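Below is one structure, written out as structure tokens; comments come after it.
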Amino acid sequence: MAPIVSVSNLSKTYASGFEALKGVSLDIEEGEILALLGPNGAGKTTLISIVCGIVNATGGKVTVGGHDVVRDFRQTRAMIGLVPQELTTDAFETVWNTVTFSRGLHGKKPDPEHIEKVLKDLSLWSKKDSTLRELSGGMKRRVLIAKALSHEPRVLFLDEPTAGVDVSLRKSMWEVVERLRASGVTIILTTHYIEEAEEIADRIAVINSGEILLVEDKKALMTKLGRKQLRVDLTQPLETVPDSLASYDLRLEGDGERLIYEYDTSAERTGITALLAAMAEAGLRLKDISTRQSSLEDIFVEIVEAGR
Amino acid sequence: MNIEAVKSIYFFEMARTRRTLLQSVVSPVISTSLYFIVFGAAIGTRIQEIDGISYGAFITPGLMMLTLLTQCIGNGSFGIYFPKFTGTIYEVLSSPISMLEIVLGYVGAAATKGLMIGTIILITASLFVDLSIAHPFVMLFFFVLTAVTFSLFGFLIGIWAKDFEQLNLIPMLVIPPLVFLGGSFYSIDMLPPFWRAVSHFNPVLYLISGFRWSFFEISDVNPLASAAIILVFLALCMSALTWIFRTGYKLRS
Ligand SMILES: Nc1ncnc2c1ncn2[C@@H]1O[C@H](COP(=O)(O)OP(=O)(O)O)[C@@H](O)[C@H]1O
Ligand SMILES: [Mg+2]
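Protein chains in written order, with this note's numbering: chain P, 496 to 803; chain G, 712 to 964.
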């Protein structure tokens with residue numbers, strides 16, 4: 496099946512001369528949830544903005560539903576719903592009016608029943624006559640989602656949807672996302688939290704400094720990246736790793752006062768039990784034990800180095 | 712053509728007018744009444760007639776133009792500047808809508824509002840003085856064309872402006888002097904020759920003169936020159952707009 500969104504060799508240099516995207520290529524399949532994962536400034540918003548028509552690309556090509564986003568902007572933009580990163584709202588408008596306005600802008604005939612359903616799905620119905628300045632940040636975020644859903648998009652972009660959002664709203668937001676996916680909507684969300692990508696996405700694309708480092712199925716990626724470190728602090732420093740522990744691939748750090756063991760959390764056997772037993776047998780006295788999840792930063796470093 | 716979108720923008724903007732009814736409708740009516748009291752009643756007792764027209768009637772077209780120009784520029788610029796300022800412009804830019812349709816929505820609403828207020832001024836004026844319109848179609852020609860042209864001009868200012876100061880610069884600082892010095896309250900025949908010559912460089916003189924001709928068949932300049940001036944200005948605004956469409960100037964980075 497042809498991808499619903501296809502980005503090829505996309506580049507963007509801002510007027511300031513800053514190169515925000517350096518030849519990005521990415522295909523998004525219809526009906527999937529793709530997380531665009533990357534640190535602040537990676538180029539996530541720039542990428543989304545080009546697909547949606549807010550920013551002009553410097554080079555490359557984007558198609559949505561097979562249509563070019565520049566030449567056939569009417570077809571592509573009618574298909575897309577966008578929830579921006581910033582909470583930008585028209586403070587003096589009512590929820591109902593602003594959501595109705597969005598539907599009209601996208602060329603759809605008025606449909607109060609649909610708007611009512613969207614507002615109810617997002618628990619905004621009781622607020623329909625409130626002006627936006629009366630709403631909390633979390634509710635404003637929901638209004639932005641309602642606006643994006645007002646015209647029944649086939650592709651939904653959520654740019655950092657959980658920034659400044661509390662746990663319960665986050666949960667209800669993921670429920671909405673799940674329901675949309677079940678109805679066939681393709682969802683692309685950006686985030687800089689690896690847990691978030693893990694929680695919701697089918698596939699994860701990692702982006703850094705305007706380059707896509709990898710695109711992979713979530714499960715495969717989590718196995719690959721879900722590494723942990725076991726750090727063992729010793730009471731007596733060691734010169735070398737004892738021979739009896741050679742099979743564990745240990746690393747000595749901190750002037751021999753710390754042993755590092757890397758293991759894979761998703762593996763059947765992590766080898767921790769055996770390792771600790773072997774350490775006791777070798778007569779090592781342990782001061783402290785801690786574990787550490789590889790952070791997004793470690794992962795980036797790892798991916799970047801693997802790419803060399 | 713995305714008619715739904717044009718309608719959405721147009722009615723959204725008109726709804727804003729309704730919310731700010733007091734400020735947008737009542738205040739021009741009050742200021743016009745004040746002009747009539749001050750200029751019409753006080754000065755009008757000294758200047759009985761100009762070219763056979765009572766002074767109160769004589770100043771009416773100029774007052775309508777003053778309001779029309781400031782209102783249209785103000786509304787045209789605010790309509791597009793405000794979403795730029797709050798960031799809600801993202802939605803317009805990511806909609807299946809061409810620049811032409813954006814302009815139709817915003818400029819259409821600004822012009823409509825200007826015409827409504829201009830009409831209210833005309834009605835208010837007719838309460839103070841006897842008015843007759845000699846050439847209703849010519850009057851409508853100038854009225855509508857001026858509203859559209861200056862709403863478009865306002866739209867351009869709204870795109871260009873990067874803060875509220877720049878936004879207000881032209882409607883507050885440029886337009887009033889041009890209108891006051893453009894023969895709103897006097898005939899330029901009453902000026903010394905030097906100032907009369909200088910006045911001919913003021914484009915607003917042509918607007919007011921042509922508009923006044925449609926009412927009373929008196930004018931400072933040839934009405935055809937007036938029509939030409941407004942058409943030229945409209946053409947200039949349209950070319951600027953075409954350039955903005957092509958480059959995405961200040962809208963799309
Ligand atoms: N209008 C702009 N002009 C110049 N640089 C910009 C502009 N918008 C974004 N950038 C820069 O481009 C880079 C990518 O930004 P962005 O796409 O917003 O990243 P992300 O959404 O991943 O945090 C950042 O370094 C940012 O400073
Ligand atoms: Mg961003």
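In this text, a Cβ means the ideal position worked out from N, Cα and C, and glycines have one as well. As the structure is a prediction and not an experimental result, all values here were calculated from the model.
query: Can you give me the Cβ contacts of P/K556 inside the same chain, cut-off strictly under 6 Å, excluding the 5 residues immediately before and after it?; result: S503
query: Give the list of continuous beta strand (DSSP E) stretches no shorter than 3 residues that lie fully inside the segment 763-824 of chain G.; result: none
query: Can a CB atom of chain P be found closer than 8 Å to the CB of G/L815?; result: no
query: Report the residue ranges of all alpha helix (DSSP H) runs contained in full by the segment 876-952 of chain G; include only those spanning at least 4 residues, in chain order.; result: 886-891, 904-910, 914-927
query: Closer than 8 Å, CB to CB, is G/T860 near chain P or not?; result: no
query: If you measure from each residue's Cβ to the nearest non-hydrogen atom of ligand 1, which ones come out under 5 Å, in chain order?; result: P/Y509, P/S511, P/F513, P/A515, P/N535, P/G536, P/A537, P/G538, P/K539, P/T540, P/T541, G/S964
query: Can you find a heavy atom of ligand 4 that lies under 7 Å from the Cβ of P/T685?; result: Judged by which ligands are present, ligand 4 is missing from the structure shown, whose ligands are ligand 1 and ligand 2.
query: Given a limit of 9 Å on CB to CB distance, which residues of the segment 590-605 of chain P reach chain G?; result: N592, T593, T595, F596, S597, R598, G599, L600, H601, G602, K603, K604, P605
query: Consider the C-beta atom of P/E706 and the heavy atoms of ligand 2; say whether any pair is separated by less than 7 Å.; result: no
query: Would you list the residues sitting across from P/G554 in a DSSP beta bridge?; result: P/S506
query: Hey, would you say G/S740 sits closer than 8 Å to G/T835, going by beta carbons?; result: The sequence shown places Val at residue 740 of chain G, not Ser. The answer is yes: Cβ separation under 8 Å.
query: Does the beta-carbon of P/E655, which I'm using as the reference point, lie nearer than 7 Å to any heavy atom of ligand 2?; result: yes
query: Any heavy atom of ligand 2 inside 7 Å of the beta-carbon of P/Q580?; result: yes
query: For P/I545, which residues of its own chain have a beta-carbon under 7 Å away from its beta-carbon, when the five flanking residues on both sides are left out?; result: L505, K507, A552, V557
query: So, at 6 Å on beta carbons, what are the nonlocal neighbours of P/S501 in its own chain, with the 5 sequence-adjacent residues on each side left out?; result: D522, T558
query: Measuring alpha carbon to alpha carbon, tell me which of G/K824, G/L842, G/Y746 ends up nearest G/V855.; result: G/K824
query: Could you give the distance in angstroms between the alpha-carbon of G/S805 and the alpha-carbon of P/G659?; result: 24 Å
query: Under 8 Å between C-beta atoms, does P/L577 make it to chain G?; result: yes
query: Consider the Cβ of P/D624: report whether some Cβ of chain G lies at a distance smaller than 8 Å.; result: no
query: Locate the alpha helix (DSSP H) running through P/D616, then write down its first and last residues.; result: 607-616
query: Considering P/N703, what are the terminal residues of the beta strand (DSSP E) in which it resides?; result: 698-703
query: If you measure from the beta carbon of P/G548 to each beta carbon in chain G, is any gap under 8 Å?; result: yes
query: Please list the terminal residues of the continuous alpha helix (DSSP H) segment that includes G/Y721.; result: 714-730
query: Per DSSP, what kind of secondary structure is P/Q580 in: helix, strand or coil?; result: coil
query: Taking the straight line between their C-alpha atoms, what separation do you get for G/L732 and P/R649?; result: 40 Å
query: Based on the DSSP secondary-structure assignment, which residues constitute the bridge partners of P/R753?; result: P/D728, P/E748
query: How many Å lie between P/M774 and P/E797 at the Cα?; result: 29 Å
query: Name the chain G residues that come within less than 9 Å of P/A439, Cβ to Cβ?; result: Residue 439 of chain P lies beyond the stretch modelled for chain P, which goes from 496 to 803, so this question has no answer here.
query: Please tell me whether P/D585 has its Cβ less than 8 Å away from any Cβ of chain B.; result: Checking the listed chains, one finds no chain B in this structure; the protein chains it contains are P and G.
query: Below 8 Å CB to CB, which residues in the same chain sit around G/W954 once its five sequence neighbours on both sides are set aside?; result: Y960
query: Using alpha carbons as the reference points, say which of P/S625, P/K615, P/E588 lies closest to G/A726.; result: P/E588
query: Within the 8 Å Cβ cut-off, does P/R572 reach chain G?; result: yes
query: With P/G633 as the anchor, note down where its alpha helix (DSSP H) starts and where it stops.; result: 632-644
query: How about G/N913 and G/G865: do their beta carbons lie closer than 8 Å?; result: no
query: Does any residue of chain G bring its CB to less than 8 Å from the CB of P/R649?; result: no
query: Can you find a C-beta in chain G that's less than 8 Å from the C-beta of P/N535?; result: no
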